[in-house]
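**Q** Dropping the structure in here first, questions after.
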Amino acid sequence: MSRQRAFPDTGSAGILQRLARPSPKARHVTQRSPDRWSCDGSGAAGNFLLPLKMPSNKSVSDAPITQFLNCHILKDHTLQREDLWVREGKILNPEKLFFDEKGYADVQIDCKGSIIAPGFIDAQINGGYGIDFSSATDDMKCGVSMVARRLLSTGVTSFCPTLVTSPVSVYHQVIPQIEVQDGGPKGAGILGLHLEGPFISKEKKGAHPEQYLQTFEKHGFQDLLDTYGSLDNVRIVTLAPELNRSEEVIRELVRRGICVSLGHSVSNLAQAEAAVKQGATFITHLFNAMLPFHHRDPGIVGLLTSNEIPAGQSIFYGMIADGIHTNPAALRIAYRAHPTGLVLVTDAIMAMGLPAGRHTLGQQVIEIDGLHAYVAGTKTLSGSIATMDMCVRHLWQVAGCSMEHALEAASLHPAELLGISQTKGTLEYGTDADLVLMDKELNVKATYIAGEWVWKHCKVANELEMGSE
1 MSRQRAFPDT GSAGILQRLA RPSPKARHVT QRSPDRWSCD GSGAAGNFLL
51 PLKMPSNKSV SDAPITQFLN CHILKDHTLQ REDLWVREGK ILNPEKLFFD
101 EKGYADVQID CKGSIIAPGF IDAQINGGYG IDFSSATDDM KCGVSMVARR
151 LLSTGVTSFC PTLVTSPVSV YHQVIPQIEV QDGGPKGAGI LGLHLEGPFI
201 SKEKKGAHPE QYLQTFEKHG FQDLLDTYGS LDNVRIVTLA PELNRSEEVI
251 RELVRRGICV SLGHSVSNLA QAEAAVKQGA TFITHLFNAM LPFHHRDPGI
301 VGLLTSNEIP AGQSIFYGMI ADGIHTNPAA LRIAYRAHPT GLVLVTDAIM
351 AMGLPAGRHT LGQQVIEIDG LHAYVAGTKT LSGSIATMDM CVRHLWQVAG
401 CSMEHALEAA SLHPAELLGI SQTKGTLEYG TDADLVLMDK ELNVKATYIA
451 GEWVWKHCKV ANELEMGSE
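Now the structure itself:
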């Protein structure tokens, strides 16, 4: 059952609302495309996302100011009834705008009670819509762009394309093609690659092909460089901490600003804690592809409550909340043990968005049966076909967490993991206006990047086109 909640009003909201009243000459306009505004001419008020032209008297910048009104925004870990103001792709402090700049909104967007949360960030996604990021093709950049565009409908505004264990030739061909880039009308932003393997455990390889697994035995970090080639576009590396010489590899990756994640591993707790002391900060899909929790040695899972984590360092853990990979009871255990470290990931494969049947993931054939993705001919799970908005809803519905915590698990927490929470993952003043608008059941209605509309649900689009509720 979904839970409803009351949304508090903020003290200054009423004052700012009165200051932002439209002039009698304000026009009603309908947004028909991301880069074109046209007059609606109906004069009807209250349409969802119906922008209103407003007078402006700005003393700092001539850039247009957009005011999202009649909404509940996720701020300070709480959904608050408050307007959201955007200029030049950033979230504005309305008090400074009004009292320091004497500025007002150029455009008002009536959200009709929608929830506004920071855009979702997916730190582990292997592909989707027929595109496999681990396929060695010369046009991988086009495939990634297509997935980036389709992800907008799920509320994702930034993501880390993920490569699973592959031949060295695949890494050398694919990694240079997937570059870090900002999001926009053409698709979600790319934060950098997540390389999951090949430096993982044979015992916990999951769907990763064993013939391509590697170790650091010969030359340590140089083995990693020889395998991947350039690390310029890499943001996360998943490895098994029990591998010999892994500590020196972790140190060097962290020194280069790359997030190290522990996963596909038979590590005990002591080995996992040693890796964390070298700088590892993430756990790849907790519970999956690792030793099960044991009361005498909880393994990697024990990091959630370990007292050996260095001061000032945080541990985050990925969860595939698709209703398949993790039982609701396990979700609740993890959430209650360490709520601020939970990072929702889809771990989606290329079959996300495709019908049931056989598809390819890297070097493996995958079979889709309902919401399950198996290595063909086995019952070994091979990633997910869930979307991020589905995972957010499932976490909220079964984990006993608040709506706010479910939303932050897909936005604030991954931003903190990746060290970008000063610009993304929150609706604090000065951060990027990457937004997802949802109804009270957390269904995505519209997505914005840098304050610019990049996707709307077809029902919403039809309402706008018709100029009616």
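Be aware that the sequence shown starts at 1, since it is given in full-length UniProt numbering, and climbs by one per residue.
All C-beta atoms, glycine included, are put in the ideal place defined by N, C-alpha and C.
Use the C-beta contact count for Val365: other C-beta atoms within 10 angstroms, 16 or more gives buried, fewer gives exposed.
**A** As a first step, residue 365 is located in the sequence shown; it is residue number 365 there, counting from the start. Val365 should be labelled exposed.
**Q** By the three-class DSSP mapping on this structure, what secondary structure does Ser158 have?
**A** One-based indexing of the sequence shown puts residue 158 at position 158. If DSSP states are grouped into helix, strand and coil, Ser158 belongs with the strands.
**Q** Are the beta-carbon atoms of Asp132 and Leu151 separated by less than 9 Å?
**A** Indexing the sequence shown from 1 puts residue 132 at position 132. Indexing the sequence shown from 1 puts residue 151 at position 151. Against a cut-off of 9 Å, the Cβ pair of Leu151 and Asp132 comes out as no contact.
**Q** Do you know how far the Cα of Asp62 is from the Cα of Gly400?
**A** Here the question's residue 400 lines up with position 400 in the sequence shown. Here the question's residue 62 lines up with position 62 in the sequence shown. Computed Cα separation, rounded: 46 Å.
**Q** With a threshold of 8 Å, are at least 3 pairs of Cβ atoms found where one atom belongs to the segment 173-186 and the other to the segment 217-234?
**A** yes
**Q** Could you compute how far the alpha carbon of residue 470 sits from the alpha carbon of Gly341?
**A** As shown, the chain starts at 1 and ends at 469. That puts residue 470 outside it, with no answer to give.
**Q** Is Gln222 buried or exposed, if buried means 16 or more other CB atoms sit within 10 Å of its CB?
**A** Here residue 222 refers to the residue found at position 222 of the sequence shown. Exposed, because fewer than 16 other Cβ atoms sit within 10 Å of the Cβ of Gln222.
**Q** How about Ile283 and Leu303: are their beta carbons less than 9 Å apart?
**A** As a working mapping, residue 283 is identified with position 283 in the sequence shown. As a working mapping, residue 303 is identified with position 303 in the sequence shown. Between Ile283 and Leu303, the gap from beta carbon to beta carbon is short of 9 Å.
**Q** Can you tell me which of the three DSSP states Asn314 falls into?
**A** In the sequence shown, residue 314 corresponds to position 314, counting from 1. Checking the sequence, you will find Ser at residue 314 rather than Asn. Looking at Ser314 - three-state DSSP - the assignment turns out to be coil, as it is neither helix nor strand.
**Q** Buried or exposed: where does Asp138 fall if 16 or more other Cβ atoms within 10 Å of its Cβ makes it buried?
**A** To locate residue 138, count along the sequence shown from 1; it is residue 138. Looking at its Cβ environment, which holds fewer than 16 other Cβ atoms inside 10 Å, Asp138 is exposed.
**Q** Throw me the rounded Cβ distance for the Val343 and Ala409 pair, which I believe falls under 8 Å.
**A** Counting from 1 along the sequence shown, the entry for residue 343 is found at position 343. Counting from 1 along the sequence shown, the entry for residue 409 is found at position 409. With a Cβ gap of about 6 Å, Val343 and Ala409 count as contacting.
**Q** Hey, out of Thr281, Gly323, Ala329, whose CA is closest to Ser306's CA?
**A** Position 306 of the sequence shown, counted from the start, is the residue given in the question as residue 306. When the alpha-carbon of Ser306 is set against those of Thr281, Gly323, Ala329, the nearest one is in Thr281.
**Q** For Pro298, collect the residues of the same chain with a Cβ closer than 7 Å to its Cβ; drop the 5 residues on either side in sequence, then sort them by chain order.
**A** For the purposes of this step, residue 298 is taken as residue 298 along the sequence shown, with counting starting at 1. Spatial neighbours of Pro298 in its own chain (CB-CB distance under 7 Å, excluding positions within 5 residues in sequence) are listed in chain order as Leu269.
**Q** Please confirm whether Phe287 and Ala334 have their CB atoms less than 9 Å apart.
**A** Residue numbering aside, residue 287 sits at position 287 when the sequence shown is read from its first letter. Residue numbering aside, residue 334 sits at position 334 when the sequence shown is read from its first letter. Yes; because the gap between Cβ atoms is below 9 Å, this pair is in contact.
**Q** Taking the alpha-carbon positions, what's the Gly89 to Gly143 distance?
**A** Along the sequence shown, read from residue 1 onward, the residue named residue 89 stands at position 89. Along the sequence shown, read from residue 1 onward, the residue named residue 143 stands at position 143. Using only the alpha carbons, I get a separation of about 27 Å.
**Q** Indicate whether Leu442 and Ile125 have their beta-carbon atoms separated by less than 9 Å.
**A** Along the sequence shown, one-based indexing puts residue 442 at 442. Along the sequence shown, one-based indexing puts residue 125 at 125. Cβ atoms of Leu442 and Ile125: not closer than 9 Å.
**Q** Between which two residues does the beta strand (DSSP E) containing residue 471 stretch?
**A** Residue 471 lies beyond the range of the chain shown here (1 to 469); nothing can be said about it.
**Q** Count the other CB atoms within 10 Å of the CB of Gly357; is the residue buried (16 or more) or exposed (fewer)?
**A** Mapped onto the sequence shown, residue 357 falls at position 357. The residue in question, Gly357, is exposed, as its Cβ has fewer than 16 Cβ neighbours within 10 Å.
**Q** Identify which residue in Val170, Asp434, Glu247, Val237 has its Cα closest to the Cα of Leu74.
**A** Start at 1 with the first residue of the sequence shown, and residue 74 comes out as number 74. Ranking the options by Cα distance to Leu74, first place goes to Asp434.
**Q** At a cut of 8 Å, does the segment 272-281 reach the segment 156-168 through at least three beta carbon pairs?
**A** No: the two stretches stay apart, fewer than three of their Cβ pairs being nearer than 8 Å.
**Q** Along the chain, where does the alpha helix (DSSP H) that runs through Ile250 open and close?
**A** In the sequence shown, the residue the question calls residue 250 occupies position 250. Ile250 -> alpha helix (DSSP H) spans 246-255.
**Q** Hey, out of Ala105, Ser145, Arg256, Arg235, whose CA is closest to Val86's CA?
**A** To locate residue 86, count along the sequence shown from 1; it is residue 86. Closest option to Val86, Cα to Cα, is Ala105.
**Q** By the 10 Å Cβ neighbour count, where 16 or more other Cβ atoms means buried, how is Ala450 classified, buried or exposed?
**A** Translated into positions along the sequence shown, residue 450 becomes position 450. With 16 or more Cβ atoms within 10 Å of its Cβ, Ala450 is classed as buried.
**Q** Return helix, strand or coil for Thr30, following the three-state DSSP convention.
**A** The residue labelled residue 30 in the question sits at position 30 within the sequence shown. Low local confidence applies: a pLDDT of 38 at Thr30 is under 50, so the model's placement there is unreliable, with the coordinate-based value given in what follows. Three-state result, Thr30: strand.
**Q** Ordered along the chain, which non-local residues of its own chain (more than five positions away) have a Cβ less than 6 Å from that of His72?
**A** The residue you call residue 72 lines up with position 72 of the sequence shown. Once the five neighbours on either side are set aside, the close Cβ partners of His72 are Phe7, Leu79, Arg81, Ile115.
**Q** Three-state secondary structure (DSSP) at Ile200?
**A** For the purposes of this step, residue 200 is identified with residue 200 of the sequence shown, where counting begins at 1. Coil at Ile200, not helix or strand.
**Q** Going by DSSP, name the residue or residues bridged to Asp432.
**A** The residue you call residue 432 lines up with position 432 of the sequence shown. Answer is Lys90, bridged to Asp432.
**Q** List the DSSP bridge partners of Tyr448.
**A** Taking the first residue of the sequence shown as 1, we reach residue 448 at position 448. The partner list for Tyr448 (beta bridge, DSSP) reads Leu435, Trp453.
**Q** Using the rule of at least 16 other Cβ atoms within 10 Å of the residue's Cβ for burial, across every protein chain shown, is Pro24 buried or exposed?
**A** Here residue 24 is taken as the residue at index 24 of the sequence shown, counted from 1. Any reading at Pro24 is ruled out, since the residue's pLDDT is 36, under 50, leaving its predicted position unreliable.
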